[in-house]
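Numbering of the sequence shown is given in the working numbering, commencing with residue 77 and proceeding in unit increments.
Virtual Cβ for every residue (Gly too), placed ideally from N, Cα, C.
It should be emphasised that the depicted structure is a prediction, and the values quoted were computed from it without experimental measurement.
Working notes, beginning with the structure itself.
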Amino acid sequence: MQLQDEKFMVLALDLAKQAACENEVPVGALIVIDGKVIGEGYNQPIARSDPTAHAEMIAMRAAARKITNYRLLNASLYVTLEPCAMCAGAMVHARINRLIYGATDPKAGAISSVFQLATSSQLNHQIDCVGGLLADECGALLRQFFRSRRKSGDFLQRAE
Numbered sequence: 077m078q079l080q081d082e083k084f085m086v087l088a089l090d091l092a093k094q095a096a097c098e099n100e101v102p103v104g105a106l107i108v109i110d111g112k113v114i115g116e117g118y119n120q121p122i123a124r125s126d127p128t129a130h131a132e133m134i135a136m137r138a139a140a141r142k143i144t145n146y147r148l149l150n151a152s153l154y155v156t157l158e159p160c161a162m163c164a165g166a167m168v169h170a171r172i173n174r175l176i177y178g179a180t181d182p183k184a185g186a187i188s189s190v191f192q193l194a195t196s197s198q199l200n201h202q203i204d205c206v207g208g209l210l211a212d213e214c215g216a217l218l219r220q221f222f223r224s225r226r227k228s229g230d231f232l233q234r235a236e
């Protein structure tokens, strides 16, 4: 499983790089069922003027459309950054079976860092979670993105 997981995380990293090219926070995600990618996405809240346009949400929407079912049973979600509370909640609602993520998010992570939504026994579904896959590569992409934004002062323009 580890080799296949790495293959899919590399694809998620490619999507994250696409986000960075579009000046969005570089996070990429994809949904896999039976070894096939059925949905993918990368962060686009700025381009779509949509605060819910996170990589995971876009990937889940695409996957649900593809299988014409909002329940993504037996699906694995690969994402380059630990999901936030919104995305984790949507994953639980969609009944994602397995979550594999790269870098942790100590400020907003809702899987292991700040909250543990995906594994909470208080919810009606728990997700099998694996964190830290290609974490160095995922984290480096994020650090590089924010470093370049700080140098250019671009982050000041986005805060309006």
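Would you grab the beta carbon distance between Leu153 and Leu218 for me? Rounded to a whole angstrom, and I think it's under 8 angstroms. Not a contact, Cβ separation roughly 18 angstroms.
With Cys214 and Gly178 assumed to form a contact (beta carbons below 8 angstroms), what rounded beta-carbon distance in angstroms separates them? 3 angstroms
Within the continuous beta strand (DSSP E) that includes Asp81, where are the two ends? First-last for Asp81: Gln78 to Cys97, but that is the alpha helix (DSSP H), not the beta strand (DSSP E).
According to the neighbour-count rule (16 or more other Cβ atoms, all chains shown, within 10 Å of its Cβ), is Gly117 buried or exposed? buried
Proximal residues to Asn200 (C-beta, below 8 angstroms), its chain only, five neighbours per side dropped: Val168
Distance between Ala139 and Leu91 (C-alpha atoms, nearest Å): 16 angstroms
Below 8 angstroms on the Cβ atoms is my guess for Asp212 versus Arg174; work out the distance and round it to an integer in Å. Incorrect: roughly 22 angstroms between the Cβ atoms, too far for contact.
Which residues in the same chain as Val101 place their Cβ atom closer than 6 angstroms to its Cβ, once the five residues preceding and following it in sequence are excluded? Asn119
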